[in-house]
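Working notes for the structure below.
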Amino acid sequence: MARRASSALAAVLFSSSLMAGGSAVAQQQQEWFVPNQQQQQRPAQAQPQQQQRPPQQRPAQPPRAVQANPAPLPPGEPPPAAVIGIVDVPEVQRNSTAFNQVREEIEKRRQKLNDDLQREQNRWREEQQQLANQRSTLSPEELRNKERDLQERVTDAQRVFRDRSRNIEQAAQQSLQEIEQALAIVIRQVSASRKVNLVLPRPLVIFNEPPFDLTGEVSAQLNKVIKSVNIAPEEPTPASTPAARQGQPQRRN
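Under the numbering used here, the sequence shown is numbered contiguously, ending at residue 282.
Next comes the structure, spelled out in structure tokens:
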């Protein structure tokens with residue numbers, strides 16, 4: 030149970046640290062431009078769903094080099110004496126080349142998504158202003174067609190940006206799972222080499238002597254086990270995005 034708890038907590042800390050960076054993207058995408066209206070907040074049900082539902086996780090595989098979770102003690106047999114080790118997972122993150130690689134790449138993709146979103150929103154505002162200026166020269170039917178065409182492109186863009194945001198977060202989650210699995214193996218190996226049977230995260234410990242701390246050894250071994258991660262590439266932007274459709278003839282009924 031102690032071993033399962035230590036690796037599970039490490040996974041939570043790893044995930045929460047990196048995935049928190051996606052909140053800025055989600056917040057930016059909560060507002061969408063709508064023709065004939067001021068910029069307004071999208072309905073809650075239209076927001077990207079990656080924050081509300083856990084992404085699919087690959088089934089855990091017991092590592093070959095490390096013994097799987099031990100069998101429970103026979104009834105009446107007392108547990109062994111606790112030999113405690115301490116691991117500072119945030120420090121392991123800071124020292125992990127693989128984790129920093131994933132963080133930098135995901136932040137770069139999120140920033141690009143934000144930049145593209147800002148450009149699209151500015152373009153929609155300009156087009157809406159042009160429609161407002163043309164009201165006196167267009168017939169009601171022509172005005173409705175232009176507004177409908179703009180609204181369709183805005184709707185298409187919402188879908189495209191939601192898909193891009195979801196793909197970024199899924200790529201981050203998959204990469205983190207690979208690092209988390211390696212970390213769990215390393216913690217078990219280091220603990221076994223020190224005869225440790227109980228590992229606690231440093232934030233939960235008020236005081237400990239240096240010999241109890243396994244952080245340095247865990248960090249060094251993790252960088253040997255996994256130096257980098259293959260991050261899933263971004264899917265190409267569909268040709269039917271608003272930018273690509275801007276020059277196409279407007280629809281008419």
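Cβ atoms here follow ideal geometry from the backbone N, Cα and C, with glycine treated the same way.
Just so we're clear, the structure is a prediction, and the values are computed from it rather than from any experiment.
Not a single unbroken stretch of the beta strand (DSSP E) spanning 3 or more residues falls wholly within the segment 118-147. Secondary structure of residue 262 (DSSP, three-state): coil. With 16 or more other Cβ atoms from the protein chains shown falling within 10 Å of its own Cβ, residue 115 counts as buried. Per DSSP, residue 228 is one residue of the beta strand (DSSP E) stretching across 227-230. In this structure, residue 226 sits away from residue 118, with a CB-CB distance that is not shorter than 8 Å. As far as DSSP is concerned, residue 255 takes part in no beta bridge.
Contact between the segment 223-240 and the segment 127-144 is absent: fewer than three C-beta pairs spanning the two stretches fall below 8 Å. Looking from the CA of residue 261, the closest CA among 212, 138 and 156 belongs to 138. Assignment of residue 116 by DSSP, reduced to helix, strand and coil, places it in the strand class. In the DSSP assignment, residue 238 falls outside any alpha helix (DSSP H), carrying neither H nor E.
The three-state reading of DSSP puts residue 175 in helix, counting H, G and I together. Here the C-alpha atom of residue 149 lies approximately 20 Å from the C-alpha atom of residue 136. Distance from the Cα of residue 265 is smallest, within the candidate group 194, 107 and 207, for 194. About 7 Å separates the Cβ atoms of residue 120 and residue 248, confirming a contact at the 8 Å cut-off. When secondary structure is reduced to three states using DSSP, residue 163 falls in the coil class, being assigned neither helix nor strand.
With a threshold of 16 other beta carbon atoms within 10 Å, residue 213 meets it and is buried. Residue 215 sits in a helix when the DSSP states are folded into three classes.
Here the alpha carbons of residue 140 and residue 123 stand approximately 21 Å from one another. Residue burial annotation: residue 175 is buried, with at least 16 other C-beta atoms found within 10 angstroms of its C-beta.
With distances taken between CA atoms, residue 142 lies nearest to 198 out of 245, 198, 215 and 160.
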